[in-house]
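Peer 1:
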């Protein structure tokens, strides 16, 4: 997949943009000043594959806690700033690797000290526009639209550049997926700074994963996007596997791809259970393999010929195949074990 080349921006021990693979982000739901709870949640997210974490810096205590949190985690930490420039300064002094500001609630005249300190600390800044909190001048003129968001971004990027600050990441988010895609395409055409992708206020799990798959995935398919966050109401641990899967199915992450047929009247085994068990067992493997779990000979090995390893179900047994060639017949009770032997062998090769 061809990707749009952007400037490389270092954020702690990660690089965003510059042709590097898209980075997965999330945000904590704890009170940031509760260092123990925040660190615990971040470490859990790290274990799932989160690569950059954002925390709210809505109080002085929260902003100052960032240093103590940073000392106990292994990924870059971003301070989320709204309304109060003092929180940005405190977060930067505490060691935030990046801060996120929202032009809708952070006036230009309050930015000078932030830009000076961010330069001194070698921290990055994300200019994060949100359709729900646009600057009044652009909202009155254009309404909630691509043009309003684009003009706001132009204004802030120009100001940053006029001050010699270019360690910038851009984001423009909307809960409307079509608007979200349209504004990010325009940003990608206009600027060379890295793009952070996400659909804001995406909702609960079932809705959020659909909105994110479309809103993030369609942009990634066109080459846009250097870092992503799948926003889901509730436990942020739900976000990481979805983000990984979006990247994996687009070929932007390695991993085992399990394909399975929807089943029909020809299927004579519990295919859904087998597909679920296999998917769970391979979720942390990083080898590029395609595994096919098919209910009958119609779907596999014929239609699943390109799969590295697969099974075609029958009555009480299934055919095990590799690259479309039948290897052996396996009893249904031994299918999972036998299939995993082949997968692990290929993964270890």
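Residue numbers (my numbering): 854 to 1202.
The beta-carbon is built from N, C-alpha and C at its ideal position, and this holds for glycine as well.
No experiment lies behind these values; they were computed from the predicted model shown.
(1) Taking only runs of the alpha helix (DSSP H) that begin and end inside the region 950 to 1021, which ones reach a length of at least 4 residues, in chain order?
(2) Measuring CB to CB, does residue 1163 end up less than 7 angstroms from residue 1145?
(3) Residue ranges of each alpha helix (DSSP H) run of no fewer than 4 residues wholly in the region 1088 to 1148, ordered along the chain?
(4) From which residue to which residue does the beta strand (DSSP E) around residue 932 run?
(5) So, at 6 angstroms on beta carbons, what are the nonlocal neighbours of residue 1184 in its own chain, with the 5 sequence-adjacent residues on each side left out?
(6) Under 7 angstroms between the Cβ atoms of residue 870 and residue 1079?
(7) Thinking C-alpha only, which one of 1048, 947, 934 is nearest residue 922?
(8) Tell me whether residue 1041 is buried or exposed, calling it buried when 16 or more other Cβ atoms sit within 10 Å of its Cβ.
(9) Under the assumption that residue 1061 contacts residue 1086 (Cβ atoms under 8 angstroms), give the Cβ distance between them as a whole number of angstroms.
(10) What are the boundary residues of the alpha helix (DSSP H) that includes residue 1060?
(11) Based on DSSP bridge pairs, tell me the residues matched to residue 863.
(12) Tell me which residue opens and which closes the alpha helix (DSSP H) that residue 1190 is part of.
(13) In three-state terms, what does DSSP make of residue 938?
(14) Identify the continuous alpha helix (DSSP H) that holds residue 1036 and give its terminal residues.
(15) What does the Cβ neighbour count give for residue 1152, buried or exposed, with the cut at 16 atoms within 10 Å?
(16) Taking residue 1288 as the reference, which of 882, 1053, 1029, 929 has the closest Cα?
(17) Using DSSP bridges, identify the partner residues of residue 854.
(18) Using only the alpha-carbon positions, how far apart do residue 1099 and residue 1182 sit?
(19) When you compare each of 860, 866, 907, 1010 to residue 1083 by their alpha carbons, which one comes out closest?
(20) According to DSSP, which residues form a beta bridge with residue 1026?
(21) Excluding the five sequence neighbours on either side, which residues of its own chain have a C-beta within less than 6 angstroms of the C-beta of residue 1027, listed in chain order?
(22) How is residue 1085 classed by DSSP in three states: helix, strand or coil?
(23) Across which residues does DSSP place residue 1173 in a beta bridge pair?
Peer 2: On the basis of the data shown:
(1) 965 to 974, 989 to 995, 999 to 1015
(2) Counting from 1 along the chain shown, the entry for residue 1163 is found at position 310. Counting from 1 along the chain shown, the entry for residue 1145 is found at position 292. Result yes, Cβ atoms of residue 1163 and residue 1145 sit closer than 7 angstroms.
(3) 1092 to 1102, 1124 to 1135
(4) Along the chain shown, read from residue 1 onward, the residue named residue 932 stands at position 79. From DSSP, the beta strand (DSSP E) with residue 932 extends over 930 to 933.
(5) Residue mapping note: residue 1184 aligns to position 331 of the chain shown, counting from 1. Here the set comprises 1170.
(6) By 1-based counting over the chain shown, the position of residue 870 is 17. By 1-based counting over the chain shown, the position of residue 1079 is 226. Their beta carbons are under 7 angstroms apart, which means residue 870 touches residue 1079 by this criterion.
(7) Within the chain shown, the letter at position 69 stands for residue 922. Here the closest residue by C-alpha is 947.
(8) Translated into the one-based positions of the chain shown, residue 1041 becomes position 188. Residue 1041 comes out buried.
(9) Within the chain shown, residue 1061 is the residue found at index 208, counting from 1. Within the chain shown, residue 1086 is the residue found at index 233, counting from 1. Their Cβ separation, rounded to whole angstroms, is 7 angstroms, which keeps residue 1061 and residue 1086 in contact under 8 angstroms.
(10) By 1-based counting over the chain shown, the position of residue 1060 is 207. Its alpha helix (DSSP H) spans residues 1058 to 1074.
(11) For the purposes of this step, residue 863 is identified with residue 10 of the chain shown, where counting begins at 1. Per DSSP, 868.
(12) What you label residue 1190 is simply residue 337 of the chain shown in a count that begins at 1. Residue 1190 -> alpha helix (DSSP H) spans 1188 to 1201.
(13) What you label residue 938 is simply residue 85 of the chain shown in a count that begins at 1. Note: residue 938 maps to helix in three-state DSSP.
(14) Here residue 1036 refers to the residue found at position 183 of the chain shown. Note, residue 1036: alpha helix (DSSP H), 1030 to 1043.
(15) Position 299 of the chain shown, counted from the first residue, corresponds to residue 1152. Under this definition residue 1152 is a buried residue.
(16) Coverage of the chain is limited to positions 854 through 1202, which leaves residue 1288 absent and any answer about it impossible.
(17) Taking the chain shown and counting its residues from 1, one reaches residue 854 at position 1. Note: residue 854 sits in no beta bridge, so no partner.
(18) On the chain shown, position 246 is the one that residue 1099 refers to. On the chain shown, position 329 is the one that residue 1182 refers to. Cα to Cα, the separation comes out at about 34 angstroms.
(19) The residue given as residue 1083 occupies position 230 in the chain shown. Nearest option by C-alpha distance: 907.
(20) Along the chain shown, one-based indexing puts residue 1026 at 173. Its beta-bridge partners are 983.
(21) Here residue 1027 refers to the residue found at position 174 when the chain shown is read from its first residue. Counting only Cβ-Cβ distances below 6 angstroms, and skipping sequence neighbours, we find 984, 1033.
(22) In the chain shown, residue 1085 corresponds to position 232, counting from 1. Coil.
(23) Here residue 1173 refers to the residue found at position 320 of the chain shown. Residue 1173 pairs with 1164, 1181.
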